[in-house]
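A.B. asks: Protein chains in written order, with my numbering: chain A, 167 to 635; chain B, -1 to 142. Cβ coordinates follow ideal geometry from the N, Cα and C atoms, glycine included.
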């Protein structure tokens, strides 16, 4: 009898409950021609990955996408196993024994390094750690950031760098109206940060931030935005590139930055400075093993063979005193135990979502991937939708052709027994919805949309601490 | 988005040929992998040319005896090389303008991959579609 019928559903395990995992689930569960039983695993008790733990707390509108994920989770053949970690609680071999297909959607969980001296001095952090901390990620709950420093340098001008700079500049009352973690709000209340520098390698026209984000930086209640006019002048190369590609958003971005350069400070308590055409070459020691500043080399712009405008270092060097440095030069995937990983690109090598054997470069039977761990950390949340559709299509093609794992126990009850035995405190979707309601209720008392639980123990206690039989 | 984004999903699978191989051999490789172009490399994997199906078609239209010719006789030597950090917007623009269908990508002179104009178009389309989806979701979920 064929797999994919009500009697013998196609059993799929999704590892990672972020947007990529939910979009794969959506694509698989809405097909009429095949009956899919889908179990979604996450190492945390809470779903939604970076929507919960990456997207900035003052960007609630973007988090509205979770309503679409709730609809997927409401499908009768969807189950959530939160707090169950691959490699610790269950192995790939366990999944192979219970599912026809496995999809890895674990994202890019770590940051790229700058590769410069002093990067690991006290007070030099990956921006992603700060983001995870203010968003209440349980693993980063106890991180310490020295907010007694008056000047902070954020390396990078992408979305994460801008988020970090903006959160550092927000007033406590602005922050209290968000779903920022309580420990972060408390720490930021006592912040003595006065100046935040955002450091971009290339020019204004090449900055990765979008115009809405840039405008937001000019509307902060407690911080004046400052830009040096000579750093946002449009050079001939950039002008030509903007004209050739008809990039109106890019031209607008330069205009906004130039308008910031003309602004007089309004005497707000903080100052947010956007710098361009500088690359860090060293994080400097203050003499006591902590960050004292950052050495920058000034860049000029050159065009590569393909017309890309690149930063080329000059001889000019400057030192920027700073007591705290956040690097935000990109995310990077981390290997999963028992899953092939390509270290060069930081992804699970794949073809249209089919995981490739690293030696033969041929697809591995029954193993798939989607999202950032599949293609690298690019795009917005919605970019994962076409990406997930490609993977789901490959899965269904293979299933129709009979190319799938032959699990010893292709049975929903058996999988649940396995998970219960390995992790009796796992969190299912009904549990999560209760946590969600509790968090929203707690948030109301603070005057914000949500107040997160930031420790796994806290979450389990809120759910009544019952182990499953 | 840059070239590295594309290579991350295609990997370092790039089919190469040597300049001293015959066109017959090269066509066999093109057919075997169902692709449109081969990167011609020297002994240390440095790209020295590209042989595309168009190069062969152009030669065959004038000369029926193309098979025994050498790759070095038909390959394009005027190479545009990409870097993994190159922006896809600029890359697409350059490829269209210069009518390049395949762009070898090098790091420190060594071949690390190849991107086709199709790869660039797909990556950009996925990006735009993703942005539209995100905006639609935000608008729709706010409305409900």
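Just to check my reading of the structure: residue 642 of chain A and residue 169 of chain A have Cβ atoms closer than 8 Å, yes? What is that Cβ distance to the nearest angstrom?
C.D. replies: Residue 642 of chain A is absent from the model: chain A starts at 167 and stops at 635.
A.B. asks: Please classify residue 381 of chain A as buried or exposed, where buried requires at least 16 neighbouring CB atoms within 10 angstroms.
C.D. replies: Mapped onto the first chain, residue 381 of chain A falls at position 215. Residue 381 of chain A comes out exposed.
A.B. asks: Given a limit of 8 Å on CB to CB distance, which residues of the segment 504 to 524 of chain A reach chain B?
C.D. replies: Result list: 508, 510, 511, 512, 513, 515, 516, 522.
A.B. asks: Within 10 angstroms of the Cβ of residue 304 of chain A, are there 16 or more other Cβ atoms? Answer buried if so, exposed if not.
C.D. replies: Position 138 of the first chain, counting from 1, holds the residue named residue 304 of chain A. Its Cβ being crowded by 16 or more others within 10 Å, residue 304 of chain A is buried.
A.B. asks: Can you find a C-beta in chain B that's less than 8 Å from the C-beta of residue 254 of chain A?
C.D. replies: In the first chain, the residue the question calls residue 254 of chain A occupies position 88. By this cut-off, residue 254 of chain A is not an interface position.
A.B. asks: Using only CA atoms, which one of B/33, B/127, B/117 lies nearest to residue 518 of chain A?
C.D. replies: The sequence position of residue 518 of chain A within the first chain is 352, counting from 1. Taking only the C-alpha atoms, the option nearest residue 518 of chain A is B/117.
A.B. asks: Could you tell me which whole alpha helix (DSSP H) segments of length 4 or greater appear in the segment 14 to 80 of chain B?
C.D. replies: Taking only runs of at least 4 residues, the alpha helix (DSSP H) segments lying wholly in the segment 14 to 80 of chain B are 21 to 31, 51 to 60, 69 to 72.
A.B. asks: Rounding to the nearest angstrom, what Cα-Cα distance links residue 544 of chain A and residue 184 of chain A in this structure?
C.D. replies: For the purposes of this step, residue 544 of chain A is taken as residue 378 along the first chain, with counting starting at 1. For the purposes of this step, residue 184 of chain A is taken as residue 18 along the first chain, with counting starting at 1. Taking the straight line from one Cα to the other gives about 15 Å.
A.B. asks: Please report how far the alpha carbon of residue 136 of chain B lies from the alpha carbon of residue 287 of chain A, in whole angstroms.
C.D. replies: Walking along the second chain from the start, residue 136 of chain B turns up at place 138. Walking along the first chain from the start, residue 287 of chain A turns up at place 121. Distance between the alpha carbons of residue 136 of chain B and residue 287 of chain A is about 40 Å.
A.B. asks: Can you check which of these residues, A/551, A/492, A/409, is closest to residue 91 of chain B by C-alpha distance?
C.D. replies: As a working mapping, residue 91 of chain B is identified with position 93 in the second chain. It is A/409.
A.B. asks: Drop a sphere of 10 angstroms on the beta-carbon of residue 347 of chain A, count the other beta-carbons inside from all chains shown, and report buried for 16 or more, exposed for fewer.
C.D. replies: Taking the first chain and counting its residues from 1, the one referred to as residue 347 of chain A is at position 181. Counting Cβ neighbours within 10 Å, residue 347 of chain A comes out buried, since at least 16 surround it.
A.B. asks: Between B/37, B/52, B/26, which lies nearest to residue 110 of chain B when the distance is taken from Cα to Cα?
C.D. replies: Within the second chain, numbered from 1, the residue matching residue 110 of chain B stands at position 112. The residue with the shortest Cα to Cα distance from residue 110 of chain B is B/37.
A.B. asks: For residue 594 of chain A, I'd like the list of residues in its chain whose CB is within less than 8 Å of its CB, leaving aside the five on either flank, ordered along the chain.
C.D. replies: In the first chain, counting from the first residue as 1, residue 594 of chain A sits at position 428. Only 245, 246, 247, 248 meet the Cβ criterion.
A.B. asks: Suppose the cutoff is 7 Å on Cβ atoms and the five residues either side in sequence are ignored; what does the same chain contact list for residue 142 of chain B look like?
C.D. replies: Taking the first residue of the second chain as 1, we reach residue 142 of chain B at position 144. Residue confidence is low: residue 142 of chain B scores 43 on pLDDT, short of 50, so the model does not pin down where it sits. No coordinate-derived value is stated.
A.B. asks: What alpha helix (DSSP H) runs, 4 residues minimum, are completely inside the segment 441 to 493 of chain A?
C.D. replies: DSSP runs (the alpha helix (DSSP H)) wholly in the segment 441 to 493 of chain A: none.
A.B. asks: If you reduce the DSSP assignment to three classes, tell me which class residue 103 of chain B lands in.
C.D. replies: Working through the second chain from its first residue, we reach residue 103 of chain B at position 105. Residue 103 of chain B falls in the strand class under three-state DSSP.
A.B. asks: Compare the Cα-Cα distances from residue 537 of chain A to each of A/527, A/526, A/512 and report the closest residue.
C.D. replies: By one-based count along the first chain, residue 537 of chain A stands at place 371. Residue 537 of chain A has its Cα closest to that of A/512, out of A/527, A/526, A/512.
A.B. asks: Can you check which of these residues, A/474, A/362, A/399, is closest to residue 386 of chain A by C-alpha distance?
C.D. replies: Within the first chain, numbered from 1, the residue matching residue 386 of chain A stands at position 220. Checked all of A/474, A/362, A/399; the closest Cα to residue 386 of chain A is A/362.
A.B. asks: Is the Cβ-Cβ distance between residue 453 of chain A and residue 488 of chain A less than 8 Å?
C.D. replies: Taking the first chain and counting its residues from 1, the one referred to as residue 453 of chain A is at position 287. Taking the first chain and counting its residues from 1, the one referred to as residue 488 of chain A is at position 322. Against a cut-off of 8 Å, the Cβ pair of residue 488 of chain A and residue 453 of chain A comes out as no contact.
A.B. asks: Under a CB-based cut-off of 8 Å, is residue 470 of chain A close to chain B?
C.D. replies: By one-based count along the first chain, residue 470 of chain A stands at place 304. Interface residue, yes.
A.B. asks: In chain order, what residues of the segment 219 to 237 of chain A put their CB closer than 9 Å to some CB of chain B?
C.D. replies: Of all residues in the segment 219 to 237 of chain A, 227, 228, 230, 231, 232, 233, 234 have a Cβ within less than 9 Å of some Cβ in chain B.
A.B. asks: Name the residue from A/618, A/503, A/172, A/564 whose alpha carbon lies nearest to the alpha carbon of residue 254 of chain A.
C.D. replies: Working through the first chain from its first residue, we reach residue 254 of chain A at position 88. Considering only alpha carbons, the answer is A/503.
A.B. asks: For a cutoff of 8 Å on Cβ pairs, would you count residue 30 of chain B as touching chain A?
C.D. replies: What you label residue 30 of chain B is simply residue 32 of the second chain in a count that begins at 1. Not one chain A Cβ lies under 8 Å of residue 30 of chain B.
A.B. asks: Thinking just about the alpha-carbon of each residue, which of A/299, A/567, A/496 is nearest to the one in residue 277 of chain A?
C.D. replies: On the first chain, residue 277 of chain A is found 111 positions in, with the first residue counted as 1. If we check each option's Cα against that of residue 277 of chain A, A/496 comes out closest.
A.B. asks: Which residue comes first and which comes last in the alpha helix (DSSP H) that contains residue 94 of chain B?
C.D. replies: By one-based count along the second chain, residue 94 of chain B stands at place 96. Segment 86 to 95, the alpha helix (DSSP H) holding residue 94 of chain B.
A.B. asks: Express the C-alpha separation of residue 309 of chain A and residue 204 of chain A in angstroms, rounding to a whole number.
C.D. replies: Residue 204 of chain A sits at position 38 when you count from the first residue of the first chain. Residue 309 of chain A sits at position 143 when you count from the first residue of the first chain. Taking the straight line joining both Cα atoms gives about 35 Å.
A.B. asks: Does the beta carbon of residue 11 of chain B sit closer than 8 Å to a beta carbon anywhere in chain A?
C.D. replies: As a working note, residue 11 of chain B is residue 13 in the second chain. With 8 Å as the cut-off, residue 11 of chain B counts as an interface residue toward chain A.
A.B. asks: Suppose contacts are defined by Cβ-Cβ distances below 8 Å. Is residue 5 of chain B in contact with residue 82 of chain B by that definition?
C.D. replies: Locating residue 5 of chain B in the second chain gives position 7, where the first residue counts as 1. Locating residue 82 of chain B in the second chain gives position 84, where the first residue counts as 1. Yes; because the gap between Cβ atoms is below 8 Å, this pair is in contact.
A.B. asks: Using 8 Å as the threshold, is the C-beta distance between residue 282 of chain A and residue 446 of chain A below it?
C.D. replies: Locating residue 282 of chain A in the first chain gives position 116, where the first residue counts as 1. Locating residue 446 of chain A in the first chain gives position 280, where the first residue counts as 1. A contact, by the Cβ cut-off of 8 Å.
A.B. asks: Could you tell me which residues DSSP puts in a beta bridge with residue 244 of chain A?
C.D. replies: By 1-based counting over the first chain, the position of residue 244 of chain A is 78. According to DSSP, which records beta bridges pairwise, residue 244 of chain A is partnered with A/204.
A.B. asks: Looking only at its own chain, which residues have a Cβ that is under 7 Å from the Cβ of residue 84 of chain B, when we skip the five neighbours before and after it?
C.D. replies: For the purposes of this step, residue 84 of chain B is taken as residue 86 along the second chain, with counting starting at 1. Contacts found: 0, 1.
A.B. asks: Cβ atoms of residue 450 of chain A and residue 485 of chain A: under 8 Å apart, would you say?
C.D. replies: As a first step, residue 485 of chain A must be located in the first chain, where it is residue number 319. As a first step, residue 450 of chain A must be located in the first chain, where it is residue number 284. Yes, the pair counts as a contact, with Cβ atoms nearer than the cut-off.
A.B. asks: Considering only the alpha carbon of each residue, which of A/411, A/435, A/367, A/375 lies closest to residue 334 of chain A?
C.D. replies: Within the first chain, numbered from 1, the residue matching residue 334 of chain A stands at position 168. Out of A/411, A/435, A/367, A/375, A/435 has the C-alpha closest to the C-alpha of residue 334 of chain A.
A.B. asks: Starting from residue 294 of chain A, trace the alpha helix (DSSP H) in both directions and tell me its first and last residue.
C.D. replies: On the first chain, position 128 is the one that residue 294 of chain A refers to. Run containing residue 294 of chain A: 293 to 300, per the alpha helix (DSSP H) assignment.
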